[in-house]
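Numbering (my numbering), first residue to last: 225 to 393. Every residue gets a Cβ at the ideal spot worked out from N, C-alpha and C, and that includes glycine. Single-structure report; data block below.
Below, the structure written as structure tokens:
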């Protein structure tokens with residue numbers, strides 16, 4: 225009877241490990257996919273209009289208090305050159321009608337998503353309703369340019385000699 229060499233046994237174990245990892249990854253993917261697939265039938269639609277939506281797109285998350293409550297289903301450019309996003313929100317999540325929807329990121333260079341800031345109203349956004357308050361995406365390059373120009377302006381003011389004016393009676 226043939227016995228496996230140590231190298232063959234090690235390769236066999238590595239192969240089993242890779243196979244087990246692939247099976248677990250597939251199961252997680254399938255579980256998450258079926259969760260959203262089942263939820264799609266119970267989602268409702270809310271619209272949000274922005275001047276700029278840089279870095280965000282279809283499929284990105286919609287969150288409230290850090291919890292995923294939906295995703296971006298569609299985006300279109302309106303006649304007034306503003307972007308209207310179609311958000312699918314899970315049924316059972318009620319959003320007060322005075323809530324805001326801001327485009328934020330997970331960090332300086334992180335992924336962007338929509339964060340819903342709940343208002344205090346006792347009325348809720350209905351299916352097909354729209355957010356009244358929205359906040360556009362912040363573009364990192366523009367923010368850095370503003371900081372640099374503010375610093376240059378302060379240096380320029382500090383470098384100018386102070387003039388003392390004397391009033392004559």
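Per the DSSP calculation, residue 291 is bridged to which residue(s)? 288
Locate the beta strand (DSSP E) running through residue 373, then write down its first and last residues. Careful: residue 373 lies outside any beta strand (DSSP E), inside the alpha helix (DSSP H) at 364-383.
According to DSSP, what are the bridge partners of residue 320? Paired residue(s): 348.
Report the residue from 311, 247 and 334 whose alpha carbon sits nearest the alpha carbon of residue 353. 311
Through-space distance from residue 370 to residue 286, alpha-carbon basis: 29 Å
What span of residues does the beta strand (DSSP E) with residue 310 cover, start to end? 307-313
Bridge partners for residue 328 per DSSP, in chain order? 337
Taking just the CA atoms, how far does residue 365 sit from residue 268? 35 Å
Range covered by the beta strand (DSSP E) that runs through residue 272: 268-274
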